[in-house]
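Asks: Have a look at the structure that comes next, please.
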Ligand code: PEP
Ligand code: MG
C-alpha cells in the first residue's frame, strides 16, 4: 500500500492513529451488518414500518401547518418530501438491496441514497440538483426511525480507533460525536473557525479540515495518522513513521499531565493582574470537562445546540432544565448563556423549511435578527434562562448585535419575559446582567451606545474577523484570507477593549482567538482581563498568563498599536512571546 500525506487546516491539535471510516453526513450513525437468510423478511418489514412512520410524521406536520401560521414555503417543502418518500426509487429499491445483499435496512437505504444523489449531481438544472438535499433529508428522517428501533444484530464498534473521513460535516453532525469516542476526523472542506471546526475542538480529538480530497483518496479501513497540530494526515504510514508518531503521542500525553497540575492555580500574571479564564460550552454535558479545566465560569454557552439534531423545538421546560443544570453545576460561578444563534451554518432542523435558504446566510436572518423575527421562540428562551437564573449566577448574552434598535428591542423582550414570570409568581434573578456580543465592525464603531445600554460585552472574534474582512469563515476557498492578525481586526479589538475599560463595563473575548496561547499576551496587553475558550485550551492559556508580565510588554504593545504592517505586527507578537 502506498503511503502519502495530505495537508489541510488543523482545527484541533494532537495526534491520533487509527483506521479510516468513510462517511457521508447521513451515514454518520449507520452501521453495516449482515442479516441471516431467515431474517430478511423481518428486515424488510422493519424498513416498511419506518417508511410508514415517516409518512405519518409528514401528515402530522402538514395538518399542524394548516392549523398554524407557518409560511407557505413550508407546505411546498413538505410536498417535496412526500413525493420523494413515496417514489419507488426510495420506497422500493432498498427492499431489493436488503434481499439481494442480505444487509441491514439502514445500509441498504444509504446505498440507494448514494445512487440517487449521484444521479442528481449529474443533472445540469440547478433546481433539480437542489432536490438532492431533499433526498438526503428524507433519508435522514427514515434513518432516525430505523435507528430508534435497531435490528436484532447490534452493530459492533471500535470507535476509539476509528477516524472519520467525510466530505463535509455540519455543526449538527459533529455535535453528535460527543456521544461517541472517535479518535479523530477529517473533512475535505471547511474553514478554521466554522462552527464545525469549533465543535470539533470541543471534542478534544485531532481534526483536520480543508483536505480537499481526503474522502476520495482514502479508502475504507486504511491506517491513518492525523496530526492536528501540524495540519497533516499520513495515509498508510510505514513502520518508522508510525513509531515516530507513537513517541510524539506519548510526549503530548506527558505535557497534558503536566498542565493538569495548574488546574486550581489562580490565573494571575507575574505583575499581579487577576485574569478570568472561562469556558465555552455547547451542551450541559460539557460541564464535566469545564470543571476539570479549572474554568472560573462559563463565558459562552452556545445555546443553539439544544435546537439541533432533533424534531421540533425544545420546550421552555426542557430549555430551563438544561440551563439550570449548568447554572447549578457551576456552583455559583458565572454562567453566560448566549441566546440562540441559529442561521448561517447552523441550520435549524426543528423548523424544517421555515428558515428559507438565504442568498447570503451569513448576512441574513441569523442570531438576534432571527430571534427578533420569531418573538415567540425568543420569549420562550428568555423565560427559560430567567427561570434558571434563580439557581445560579446566570448572565444573558445576545449575539450579533449591530444597532441600538436591536438592543432596545431585545431589552424590551427581556422585560416582557420578566413581567410574565412575575405575574405567574415564578422566581428569577431580577438583576440578571444582559450583555452583547461584539461581532460586527459597526458595533465597535458605535460602541458607546452599546456601553450605555448593556451590562457587559463579549467580543466574538470569529465573526468579527469574518465581517471585517468579508471572508466567509466556513469557506475553505477563502480561508487563506481569514486573518485574526489583520491590522484592521486588531484595531477593532483594541478599540472595543479600551472603550469598555474606560467606561468600566466588563469585556471578554469568547471567539477562538481567546484560546490561542500565542495571542494571550497580546490580548492581555490590549487591556483584556477575561478570556473564554474551549476547556481543552484553558490550561495552555493559563500557563501563558502565569508567565506574562503585562507591564513589561507595554512598550511592544504601544508599537504594535501604531503599525499597519502585517510583517511588523507578526514580528512584534513574536517579540512579546519571546
Ligand atoms: C464568535 O463569533 O467569535 C463567537 C464566539 O460566536 P460563534 O463562533 O458561535 O459564532
Ligand atoms: Mg459569532
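In the numbering used here, the protein residues as written are 2 to 579.
The C-beta atom is built at its ideal place from N, Cα and C for all residues, glycine as well.
On a predicted model such as this, the values are computed, not experimentally measured, just so you know.
#1: If we require 3 or more residues per run, which beta strand (DSSP E) segments fall completely within the region 195–276?
#2: Nearer than 8 Å: is that true of the beta carbon of residue 342 relative to any heavy atom of the ligand MG?
#3: Suppose you measure from the CA of residue 139 to the CA of residue 168; what does that come to, to the nearest Å?
#4: Please name the residue, chosen from 188, 391, 497 and 290, that lies closest to residue 211 on a Cα-to-Cα basis.
#5: Quick check on DSSP: helix, strand or coil for residue 22?
#6: Is the separation between the beta-carbon of residue 294 and that of residue 547 shorter than 9 Å?
#7: For residue 55, which residues of its own chain have a beta-carbon under 7 Å away from its beta-carbon, when the five flanking residues on both sides are left out?
#8: Straight-line CA distance for residue 182 to residue 163?
#9: What is the DSSP secondary structure of residue 391, reduced to helix, strand or coil?
#10: Which residues in the same chain have their Cβ closer than 7 Å to the Cβ of residue 482, if we skip the five residues on either side of it in sequence?
#11: I need the straight-line Cα distance from residue 89 to residue 44, nearest angstrom please.
#12: When the Cβ atoms of the region 496–508 are set against those of the region 262–274, are three or more pairs found closer than 8 Å?
#13: For the beta strand (DSSP E) that residue 495 lies in, which residues bound it at each end?
#14: Residues in its own chain within less than 6 Å of residue 464 by CB, not counting five upstream and five downstream?
#15: Would the C-beta of residue 368 count as close to the ligand MG, meaning under 8 Å from any of its heavy atoms?
#16: Cα separation between residue 97 and residue 38?
#17: Which whole-angstrom value describes the C-beta separation of residue 360 and residue 344, a residue pair presumed to lie in contact below a C-beta threshold of 8 Å?
#18: Any heavy atom of the ligand MG within a distance shorter than 8 Å of the CB on residue 463?
#19: Taking the continuous alpha helix (DSSP H) assigned at residue 606, which residues delimit it?
#20: Could you give the DSSP three-state label for residue 36: helix, strand or coil?
#21: Can you give me the C-alpha to C-alpha distance between residue 134 and residue 19, rounded to a whole angstrom?
#22: Buried or exposed for residue 1, going by 16 or more other Cβ atoms inside 10 Å?
#23: Determine contact between the region 390–404 and the region 324–341, defined as no fewer than three beta-carbon pairs at a distance below 8 Å.
#24: Measuring straight from C-alpha to C-alpha, what distance separates residue 318 and residue 384?
#25: By the three-class DSSP mapping on this structure, what secondary structure does residue 185 have?
#26: To the nearest angstrom, how far is it from the Cα of residue 231 to the Cα of residue 114?
#27: Taking all protein chains shown into account, decide if residue 1 is buried (16 or more other Cβ within 10 angstroms of its Cβ) or exposed.
#28: Identify the continuous alpha helix (DSSP H) that holds residue 167 and give its terminal residues.
#29: Please check the pair residue 457 and residue 434, which I expect to be a contact at CB under 8 Å, by giving their CB distance rounded to whole angstroms.
#30: Report the option in 81, 110, 560 and 78 whose CA atom is closest to the CA atom of residue 95.
#31: Express the C-alpha separation of residue 245 and residue 402 in angstroms, rounding to a whole number.
#32: Please indicate yes or no: does the CB of residue 362 lie closer than 8 Å to some heavy atom of the ligand MG?
#33: May I have the straight-line CA-CA distance separating residue 186 from residue 208, to the nearest angstrom?
#34: Beta carbon of residue 277, beta carbon of residue 251: below 9 Å?
#35: May I have a chain-ordered list of the alpha helix (DSSP H) segments no shorter than 4 residues that lie completely inside the region 45–103?
#36: What three-state label does DSSP hand residue 411 in the structure shown?
Replies: Reading from the atomic positions:
#1: 208–210, 224–228 and 233–236
#2: Working through the chain shown from its first residue, we reach residue 342 at position 341. Flag set: Cβ of residue 342 near the ligand MG.
#3: In the chain shown, residue 139 corresponds to position 138, counting from 1. In the chain shown, residue 168 corresponds to position 167, counting from 1. The straight-line gap from Cα to Cα measures roughly 20 Å.
#4: Residue 211 sits at position 210 when you count from the first residue of the chain shown. Comparing Cα-Cα distances from residue 211 to each of 188, 391, 497 and 290, the minimum goes to 188.
#5: Translated into the one-based positions of the chain shown, residue 22 becomes position 21. If DSSP states are grouped into helix, strand and coil, residue 22 belongs with the strands.
#6: Within the chain shown, the letter at position 293 stands for residue 294. Within the chain shown, the letter at position 546 stands for residue 547. Not in contact: residue 294 and residue 547 (Cβ atoms no closer than 9 Å).
#7: Counted from its first residue, the chain shown places residue 55 at position 54. Contacts found: 86, 142, 143 and 146.
#8: Numbered from 1 along the chain shown, position 181 holds the residue referred to as residue 182. Numbered from 1 along the chain shown, position 162 holds the residue referred to as residue 163. The alpha-carbon atoms of residue 182 and residue 163 are separated by roughly 8 Å.
#9: The sequence position of residue 391 within the chain shown is 390, counting from 1. Residue state, collapsed to three classes: helix.
#10: Within the chain shown, numbered from 1, the residue matching residue 482 stands at position 481. Cβ neighbours of residue 482 beyond the five flanking positions: 470 and 472.
#11: Position 88 of the chain shown, counted from the start, is the residue given in the question as residue 89. Position 43 of the chain shown, counted from the start, is the residue given in the question as residue 44. One C-alpha to the other measures close to 18 Å.
#12: no
#13: One-based indexing of the chain shown puts residue 495 at position 494. First-last for residue 495: 488–503, but that is the alpha helix (DSSP H), not the beta strand (DSSP E).
#14: Within the chain shown, residue 464 is the residue found at index 463, counting from 1. 440, listed in sequence order.
#15: Counted from its first residue, the chain shown places residue 368 at position 367. Yes, Cβ of residue 368 sits closer than 8 Å to a heavy atom of the ligand MG.
#16: Counting from one through the chain shown, the residue named residue 97 turns up at place 96. Counting from one through the chain shown, the residue named residue 38 turns up at place 37. Cα to Cα, residue 97 sits roughly 14 Å from residue 38.
#17: The residue labelled residue 360 in the question sits at position 359 within the chain shown. The residue labelled residue 344 in the question sits at position 343 within the chain shown. That belief does not hold up - the Cβ atoms of residue 360 and residue 344 are roughly 13 Å apart, past 8 Å.
#18: Here residue 463 corresponds to residue number 462 of the chain shown, with the count starting at 1. Residue 463: yes, Cβ under 8 Å from the ligand MG.
#19: Examination of residue 606 is not possible in this model, given that the chain is present from 2 through 579 alone.
#20: Stepping through the chain shown from its first residue, residue 36 is reached at position 35. Residue 36: coil per DSSP, three-state reduction.
#21: The sequence position of residue 134 within the chain shown is 133, counting from 1. The sequence position of residue 19 within the chain shown is 18, counting from 1. About 31 Å.
#22: Coverage of the chain is limited to positions 2 through 579, which leaves residue 1 absent and any answer about it impossible.
#23: yes
#24: As a working mapping, residue 318 is identified with position 317 in the chain shown. As a working mapping, residue 384 is identified with position 383 in the chain shown. If I take the Cα positions, the gap works out to 9 Å.
#25: Here residue 185 is taken as the residue at index 184 of the chain shown, counted from 1. In this structure, residue 185 counts as strand in the three-state DSSP scheme.
#26: Locating residue 231 in the chain shown gives position 230, where the first residue counts as 1. Locating residue 114 in the chain shown gives position 113, where the first residue counts as 1. Each residue's alpha carbon lies about 35 Å from the other.
#27: Any property of residue 1 remains undetermined from this structure, which presents the chain solely from 2 to 579.
#28: Position 166 of the chain shown, counted from the first residue, corresponds to residue 167. Here residue 167 belongs to no alpha helix (DSSP H); instead the beta strand (DSSP E) covers 163–167.
#29: Taking the chain shown and counting its residues from 1, the one referred to as residue 457 is at position 456. Taking the chain shown and counting its residues from 1, the one referred to as residue 434 is at position 433. That belief holds up - the Cβ atoms of residue 457 and residue 434 are roughly 6 Å apart, short of 8 Å.
#30: In the chain shown, counting from the first residue as 1, residue 95 sits at position 94. For the residues 81, 110, 560 and 78, the minimum Cα distance to residue 95 belongs to 110.
#31: For the purposes of this step, residue 402 is taken as the residue at position 401 of the chain shown. For the purposes of this step, residue 245 is taken as the residue at position 244 of the chain shown. Rounded to whole angstroms, residue 402 to residue 245 spans 49 Å at the Cα level.
#32: In the chain shown, counting from the first residue as 1, residue 362 sits at position 361. No; taking the cut-off as 8 Å, the Cβ of residue 362 has no heavy atom of the ligand MG nearer than that.
#33: In the chain shown, counting from the first residue as 1, residue 186 sits at position 185. In the chain shown, counting from the first residue as 1, residue 208 sits at position 207. If I take the Cα positions, the gap works out to 5 Å.
#34: Position 276 of the chain shown, counted from the first residue, corresponds to residue 277. Position 250 of the chain shown, counted from the first residue, corresponds to residue 251. Their beta carbons are not under 9 Å apart, which means residue 277 does not touch residue 251 by this criterion.
#35: 73–87, 89–92 and 94–102
#36: Taking the chain shown and counting its residues from 1, one reaches residue 411 at position 410. Looking at residue 411 - three-state DSSP - the assignment turns out to be helix.
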